[in-house]
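Student: Going down the list, the protein sequences come from chains W and X. According to full-length UniProt numbering, numbering within the first sequence proceeds without interruption in unit steps and concludes at 342. According to full-length UniProt numbering, numbering within the second sequence proceeds without interruption in unit steps and concludes at 342. Cβ atoms here follow ideal geometry from the backbone N, Cα and C, with glycine treated the same way. Since this is a predicted model, take the numbers as computed values, not measurements.
Number of protein chains: 2
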Amino acid sequence: MTSEREIPGNRAPTLTDVAKLAGVSVATASKAINGRAEVKAATRVRVLEAAEVLSFAPNALARGLLSGRTGTVGLLTSDLEGRFSIPILMGAEDAFGAGQISVFLCDARGDAIREMHHVRALLSRRVDGLIVVGSRTDARPPLTGNIPVPVVYAYAPSADPDDISITVDNVGGGRLAVDHLLACGRRNIAHITGEASFQAARDRVEGATAALAAADLSLVGDRPYFGSWDESWGRAAARMVVGQHPEVDGIFCGSDQIARGVLETLRDLGRDVPGSISVLGFDNWEAIAAHSRPRLTSIDMNLQRLGTIAGQRLFAAIDGVSLPSEEFPGRLVMRESTVPVG
Amino acid sequence: MTSEREIPGNRAPTLTDVAKLAGVSVATASKAINGRAEVKAATRVRVLEAAEVLSFAPNALARGLLSGRTGTVGLLTSDLEGRFSIPILMGAEDAFGAGQISVFLCDARGDAIREMHHVRALLSRRVDGLIVVGSRTDARPPLTGNIPVPVVYAYAPSADPDDISITVDNVGGGRLAVDHLLACGRRNIAHITGEASFQAARDRVEGATAALAAADLSLVGDRPYFGSWDESWGRAAARMVVGQHPEVDGIFCGSDQIARGVLETLRDLGRDVPGSISVLGFDNWEAIAAHSRPRLTSIDMNLQRLGTIAGQRLFAAIDGVSLPSEEFPGRLVMRESTVPVG
DNA sequence: CTGAAAGCGCTTACAG
DNA sequence: CTGAAAGCGCTTACAG
Numbered sequence: 001m002t003s004e005r006e007i008p009g010n011r012a013p014t015l016t017d018v019a020k021l022a023g024v025s026v027a028t029a030s031k032a033i034n035g036r037a038e039v040k041a042a043t044r045v046r047v048l049e050a051a052e053v054l055s056f057a058p059n060a061l062a063r064g065l066l067s068g069r070t071g072t073v074g075l076l077t078s079d080l081e082g083r084f085s086i087p088i089l090m091g092a093e094d095a096f097g098a099g100q101i102s103v104f105l106c107d108a109r110g111d112a113i114r115e116m117h118h119v120r121a122l123l124s125r126r127v128d129g130l131i132v133v134g135s136r137t138d139a140r141p142p143l144t145g146n147i148p149v150p151v152v153y154a155y156a157p158s159a160d161p162d163d164i165s166i167t168v169d170n171v172g173g174g175r176l177a178v179d180h181l182l183a184c185g186r187r188n189i190a191h192i193t194g195e196a197s198f199q200a201a202r203d204r205v206e207g208a209t210a211a212l213a214a215a216d217l218s219l220v221g222d223r224p225y226f227g228s229w230d231e232s233w234g235r236a237a238a239r240m241v242v243g244q245h246p247e248v249d250g251i252f253c254g255s256d257q258i259a260r261g262v263l264e265t266l267r268d269l270g271r272d273v274p275g276s277i278s279v280l281g282f283d284n285w286e287a288i289a290a291h292s293r294p295r296l297t298s299i300d301m302n303l304q305r306l307g308t309i310a311g312q313r314l315f316a317a318i319d320g321v322s323l324p325s326e327e328f329p330g331r332l333v334m335r336e337s338t339v340p341v342g
Numbered sequence: 001m002t003s004e005r006e007i008p009g010n011r012a013p014t015l016t017d018v019a020k021l022a023g024v025s026v027a028t029a030s031k032a033i034n035g036r037a038e039v040k041a042a043t044r045v046r047v048l049e050a051a052e053v054l055s056f057a058p059n060a061l062a063r064g065l066l067s068g069r070t071g072t073v074g075l076l077t078s079d080l081e082g083r084f085s086i087p088i089l090m091g092a093e094d095a096f097g098a099g100q101i102s103v104f105l106c107d108a109r110g111d112a113i114r115e116m117h118h119v120r121a122l123l124s125r126r127v128d129g130l131i132v133v134g135s136r137t138d139a140r141p142p143l144t145g146n147i148p149v150p151v152v153y154a155y156a157p158s159a160d161p162d163d164i165s166i167t168v169d170n171v172g173g174g175r176l177a178v179d180h181l182l183a184c185g186r187r188n189i190a191h192i193t194g195e196a197s198f199q200a201a202r203d204r205v206e207g208a209t210a211a212l213a214a215a216d217l218s219l220v221g222d223r224p225y226f227g228s229w230d231e232s233w234g235r236a237a238a239r240m241v242v243g244q245h246p247e248v249d250g251i252f253c254g255s256d257q258i259a260r261g262v263l264e265t266l267r268d269l270g271r272d273v274p275g276s277i278s279v280l281g282f283d284n285w286e287a288i289a290a291h292s293r294p295r296l297t298s299i300d301m302n303l304q305r306l307g308t309i310a311g312q313r314l315f316a317a318i319d320g321v322s323l324p325s326e327e328f329p330g331r332l333v334m335r336e337s338t339v340p341v342g
């Protein structure tokens, strides 16, 4: 139970109210509350009690005005809808949550005008820094205008290599995927993926091809199958690949949704997964990957951790420590759709 | 191209800098920038040009300190991970995005301590109001302590009926679902749903049962099938229901994931959907509902709109207008899994 | 150890 | 129409 006390005008209690109640000056009240050493113990106690009674919370605006630091940060996303932003956002929130930083969330909805509008608003609120979260891994134009605070780009790198960008290593992810299929004893590996206009798709192809080349192999069909990121493409492409290349014994898919479609077609065709063909997804989207039959092995890009790192980088930059850009490796999450064969 | 100009100490330009450059007093500069009438046109132009040159952005902290309004709002979620929070959050962001409000995002991760910590921080930043977004529709304890600003609860209502809560009408959603199946000519309707511990599950059962009763019918099996919210329960339950009640011709599912599992089993069993059985999901989760075979008809709870309404309610409350709580109806989204029979 | 004073960046009566 | 002054809530030298 917090006892309550009438404040004239029903406004939030100020340090002046606390000082008055404790019978000291505002200067002394300030020192007591901020744990400065030069306050007599008894005085401190009286002030803290008064603050408690009034449920006093120091006005962060006034503090920010004085110190030049607000303890706030802007998080600029281009689409909240997209699944990729959310874990990054959670990770960033985590990085700040522990300390005294509060996060402004702004969704630009993929609109450059709206983004500029938000940036202006954030700067007028004197945020200490900005994190810009993209929705695709393709490089994006850097923020324009006079940005007087540090900026960290997450997921989508800035096109300006001098900016700090924390990104996902999709080439490495593709390599990881194919290396796992090879480790399972597969030799005839196809790659069914999404739109070729996505850097992410092209990077994964590059990694997959490199891993195969290192084993003196190449993709079944001698090329990746580009299409769309969804299940229906997975179903259609799988039917085609199996029809044209019956020897296929491993399929690396560019997304879990594609993989889900691939699994359905293989099931329809009576092909045994993982007995006769291994299937591997990408994204490790729990709702999709963990509930298919069989449950899907997938590559997880550790997006939450990426968000945390981005937050920590911004922290450092605010303190004047400029750390370099970084590419983030993924990890394999084994489920039932891949298994070593004799 | 914004021309840039040296500001001593590399700090953000202040109104004083602008005034100096324009050759007027800060008072006049302030009036010019804020569009007050009592400024000579020529003076105004000079001030605005100076502001432009310096890329001056008025310090919102200083303004907030003066006016007592910060133009900020706290958005408190209990889990960002959950799909339900995101659309609500987007809707709320929308409601504010148009105006001059910025949103602090805080994720309490379902932890009451963490929530209190965030509330304290937000109050010390003098937010003008709070939106509390729950992750389940079960009522939650109201925020504790001395909250001197308006609070709106979204999705999860506050247990205190005097608080403003914007919620989803799950009873109505259940009724909507069954009414549609009835309209399709189905008479033997089963209900497979998630955990009975969820208010949402129980409410939908209530709505479904009421709609059936109005047509002098009852649920196949004379009870709902409670289980978990995922596909595997949908698969298992469908097998059981069809086995025990072969006459079943409509299945209302408590989630799209359950429905997805139901569809798979019916496919395995060679039952024709929607020809011989109609299947209806709940949530209208695009990634799940729009990619099944056949594509799934579902109930959409309009969560984004719910978020927008919550934002508008908070607006009103901040302006001293207290609107009542509101329950939000869902809507039917037709796809291929339901169809009228002759 | 305590308090009066100045000042962070702005706005708003109030003189002139 | 313009500007000097007071003040929003706090912190930080600086006297005492």
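Does DSSP put A57 (chain W) in a helix, a strand or coil?
Tutor: Three-state result, A57 (chain W): coil.
Student: Given a limit of 9 Å on CB to CB distance, which residues of the region 111-124 of chain X reach chain W?
Tutor: Those residues of the region 111-124 of chain X that come within reach of chain W (Cβ to Cβ, closer than 9 Å) are R114, H117, H118, R120, A121, L122, L123, S124.
Student: Do three or more CB pairs link the region 159-174 of chain X to the region 319-339 of chain X at distances below 8 Å?
Tutor: They touch, by the three-pair rule.
Student: Are three or more beta carbon pairs between the region 104-121 of chain W and the region 64-82 of chain W nearer than 8 Å?
Tutor: Yes, the region 104-121 of chain W is in contact with the region 64-82 of chain W.
Student: Sorted by chain position, which residues of the same chain lie with C-beta nearer than 7 Å to E247 (chain X)'s C-beta, five sequence neighbours on each side aside?
Tutor: Result list for E247 (chain X): N188, in chain order.
Student: Put T297 (chain X) into one of helix, strand or coil per three-state DSSP.
Tutor: Here T297 (chain X) sits in strand by DSSP.
Student: Looking at A19 (chain X): is its Cβ nearer than 9 Å to the Cβ of V45 (chain X)?
Tutor: Not closer than 9 Å, so no.
Student: Does the beta carbon of E93 (chain W) sit closer than 9 Å to a beta carbon anywhere in chain X?
Tutor: Output row for E93 (chain W): interface = yes.
Student: My assumption, with CB atoms under 8 Å, is that R136 (chain X) sits in contact with F198 (chain X). Please give the rounded CB distance.
Tutor: Their Cβ separation, rounded to whole angstroms, is 6 Å, which keeps R136 (chain X) and F198 (chain X) in contact under 8 Å.
Student: Please tell me whether E4 (chain W) has its Cβ less than 9 Å away from any Cβ of chain X.
Tutor: Residue placement at E4 (chain W) cannot be trusted, given a pLDDT of 43 that sits under 50; what the coordinates show is reported in the next sentence. Chain X, which has a Cβ nearer than 9 Å to the Cβ of E4 (chain W), makes this yes.
Student: F226 (chain W) and C253 (chain W) - do their beta-carbons sit closer together than 9 Å?
Tutor: Their beta carbons are not under 9 Å apart, which means C253 (chain W) does not touch F226 (chain W) by this criterion.
Student: Can you tell me whether P157 (chain W) is buried or exposed? The criterion is at least 16 other CB atoms within 10 Å of its CB, across all chains shown.
Tutor: Label assigned to P157 (chain W): buried.
Student: Is there a Cβ from chain W that is less than 9 Å from the Cβ of E195 (chain X)?
Tutor: Taking Cβ atoms only, chain W never reaches closer than 9 Å to E195 (chain X), which makes this a no.
Student: How should V341 (chain X) be labelled, buried or exposed, when 16 other C-beta atoms within 10 angstroms of its C-beta is the threshold for buried?
Tutor: Per the 10 Å Cβ criterion, exposed.
Student: Measure the C-alpha to C-alpha separation of P161 (chain X) and V273 (chain W) and round it to an integer number of angstroms.
Tutor: Answer to the nearest angstrom: the Cα atoms are 54 Å apart.
Student: Give me, in chain order, the residues of the same chain whose beta-carbon lies closer than 8 Å to that of R305 (chain X); leave out the 5 immediate sequence neighbours on both sides.
Tutor: These residues qualify, in order along the chain: G91, F328.
Student: Taking all protein chains shown into account, do 16 or more other C-beta atoms lie within 10 angstroms of the C-beta of S25 (chain X), making it buried, or fewer, making it exposed?
Tutor: By the neighbour-count rule (16 or more Cβ atoms within 10 Å), S25 (chain X) is not buried but exposed.
Student: Taking just the CA atoms, how far does A108 (chain X) sit from C106 (chain W)?
Tutor: In a straight line, the C-alpha of C106 (chain W) is about 19 Å away from that of A108 (chain X).
Student: What are the start and end residues of the beta strand (DSSP E) that includes D268 (chain X)?
Tutor: Element bounds for D268 (chain X): not the beta strand (DSSP E) but the alpha helix (DSSP H), 256-268.
Student: Distance check for I192 (chain X) and P294 (chain W), CA to CA, integer angstroms please.
Tutor: Looking at the two C-alpha atoms, the distance is approximately 23 Å.
Student: S124 (chain X) lies in the alpha helix (DSSP H); which residues open and close that run?
Tutor: First-last of the alpha helix (DSSP H) with S124 (chain X): 112-124.
Student: Is any beta-carbon of chain W found at less than 9 Å from that of L80 (chain X)?
Tutor: L80 (chain X) counts as touching chain W.
Student: So for F96 (chain X), helix, strand or coil by DSSP?
Tutor: Correct three-state label for F96 (chain X): helix.
Student: Verify the CB distance criterion: does A19 (chain W) have a CB-CB separation below 9 Å to chain X?
Tutor: By this cut-off, A19 (chain W) is not an interface position.
Student: Between W:M240, W:D256, W:D179, which lies nearest to R213 (chain W) when the distance is taken from Cα to Cα?
Tutor: It should be pointed out that residue 213 (chain W) corresponds to Ala in this sequence rather than to Arg. Of the listed residues, the one whose Cα sits closest to A213 (chain W) is W:D179.
Student: In whole angstroms, give me the CA-to-CA distance for Y155 (chain W) and P87 (chain W).
Tutor: Going from the Cα of Y155 (chain W) to the Cα of P87 (chain W) covers about 11 Å.
Student: Okay, do the region 311-324 of chain X and the region 117-127 of chain X touch, 3+ Cβ pairs below 8 Å being the bar?
Tutor: Taking 8 Å as the limit for Cβ pairs, the verdict is that the region 117-127 of chain X does not touch the region 311-324 of chain X.
Student: What residues in its chain sit with their C-beta under 6 Å from that of A183 (chain W), if we drop five residues either side in the sequence?
Tutor: So no residue of the chain qualifies.
Student: Residues of the region 155-175 of chain X with a CB closer than 8 Å to any CB of chain W: list them in chain order, please.
Tutor: Listed in sequence order: no entries.
Student: On the DSSP bridge list, what partners appear for R331 (chain X)?
Tutor: Answer by DSSP bridge pairing, in chain order: X:D300.
Student: Measuring only between beta-carbons, confirm whether G97 (chain W) sits less than 9 Å from chain X.
Tutor: By this cut-off, G97 (chain W) is an interface position.
Student: Could you give the distance in angstroms between the alpha-carbon of L296 (chain W) and the alpha-carbon of S255 (chain W)?
Tutor: Each residue's Cα considered, the two are about 11 Å apart.
Student: Run through DSSP, which three-state label would R46 (chain W) get?
Tutor: Note: R46 (chain W) maps to helix in three-state DSSP.
Student: Under 9 Å, Cβ to Cβ, is there at least one residue of chain W near C106 (chain X)?
Tutor: C106 (chain X) counts as touching chain W.
Student: Could you check how far apart the C-beta atoms of G221 (chain X) and A190 (chain X) are, in whole angstroms? I think they sit under 8 Å.
Tutor: At roughly 6 Å, the Cβ-Cβ gap stays under 8 Å, so G221 (chain X) and A190 (chain X) are in contact.
Student: Return the chain-ordered list of same chain residues with a C-beta closer than 6 Å to the C-beta of I309 (chain X), the five sequence neighbours on each side being excluded.
Tutor: For I309 (chain X), where only same-chain residues beyond five positions count, the Cβ hits under 6 Å are I166.
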